[in-house]
Amino acid sequence: MKKLLLPSIIAISVFTSTAYASNHNVVEVYKTESCGCCTLWADGVKEAGFNVKVNIVSETQLMKKYQQAGVPNNLLSCHFATYQGKDLVGHIPVDSLKNIDLMDKSKSGIAVAGMPAGSLGMYAGDYKESYQVIAFDKSGNQSLFKSYN
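Heads up: the sequence shown is residues -21 to -1, 1 to 128, going by mature numbering (1 follows the signal peptide of the UniProt record, and there is no 0).
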């Protein structure tokens, strides 16, 4: 029995660690079926070299994701994602996503509020709006992560 138990424990540990590592490095997106700009954002993230998994959810399920993550109402957008254990809200630029490990460790995620023209997935020809990427924690505290002009 002992000869079988140890290899089984090792196999389970390796499988669990591998599954966690592979899921941990995936940008997992939650969006409604009708939102095309969310699809464009996910495509842009994938084109930048990230592994992306898109989940189609109802509006109610999306709002529940926001609530569970403690996303402040002023930071809501059209889609939610997770990456490396952090929450992502809205049209976050690829370079902010690449630098998420520089975020204050007390913060649980970053967000681009609304749907600013010119942000990743929000293409409006030559027109671009200035916007900010905001870091937030589960208590609603917010700080500037990066500005884009």
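All C-beta atoms in this analysis are idealised placements derived from N, C-alpha and C, irrespective of residue type, glycine included.
For Gly23 against Leu99, the beta-carbon gap comes to about 5 angstroms, under 8 angstroms, which counts as contact. Under the three-state reduction of DSSP output, Lys125 falls in the strand class. Here Lys77 is exposed. Its C-beta has fewer than 16 other C-beta atoms within 10 Å. Nearest to Lys86 by alpha-carbon distance, out of Gly64, Pro72 and Gly104, is Gly64. For the 7 angstroms CB-CB criterion, Cys17 and Lys10 form a contact. With respect to the C-alpha of Gly93, the residue from Gly69, Gln46 and Ile113 having the closest C-alpha is Gly69.
In the DSSP assignment, Asn4 forms no beta bridge with any residue. For Glu38, the closest alpha carbon among the candidates Ser118, Cys14 and Ser75 is that of Cys14. Your pair Ile89 and Ala60 does not check out as a contact, with CB atoms roughly 10 angstroms apart and the cut at 8 angstroms.
Cβ-Cβ separation between Ser126 and Gln111: approximately 5 angstroms, consistent with a contact (criterion under 8 angstroms). By the criterion of a C-beta distance shorter than 8 angstroms, Leu41 is surrounded in its chain by Tyr9, Lys10, Thr11, His58 and Phe59, once the five residues flanking it on both sides are discounted. Scanning the segment 52 to 121 from its first residue to its last, the whole beta strand (DSSP E) runs of 3-plus residues come out as 59 to 62, 65 to 68, 88 to 90 and 110 to 115.
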